[in-house]
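Data block below; observations after.
Numbering (this note's numbering), first residue to last: 1 to 84.
Following this line, the structure appears as structure tokens:
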């Protein structure tokens, strides 16, 4: 069975912990539903000029969600959803 990836690109609310060396995502709220993050599968940083973006691939149940954090605006966005 193939994963179905859907582009979303919508702002979301996130509950996360920040330390000097990491960001830990606990929950996110999308479409008035709260998703508890089971695990962070991948993490990378992209850079456009002086602007960095932090990308997270997280699992909630069998589905994967790509979250993007913009530290200049302190905002989060749900980029993609991969459903099995």
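Idealized CB from N, CA, C, for every residue including glycine.
- Within the DSSP secondary-structure output, residue 4 pairs in a beta bridge with 83.
- Comparing C-alpha distances from residue 46 to each of 61, 13, 32 and 67 shows the shortest one belongs to 67.
- Here residue 15 is exposed, its C-beta having fewer than 16 other C-beta atoms within 10 Å.
- In this structure, the straight-line span from the alpha carbon of residue 24 to that of residue 4 is close to 26 Å.
- As for any beta strand (DSSP E) of minimum length 3 sitting wholly inside the segment 20-49, the runs are 23-30, 33-36 and 39-48, ordered along the chain.
- Judged by DSSP secondary structure, residue 67 falls within the beta strand (DSSP E) whose first and last residues are 63-70.
- Between residue 18 and the set 54, 82 and 79, the nearest pair of CA atoms involves 54.
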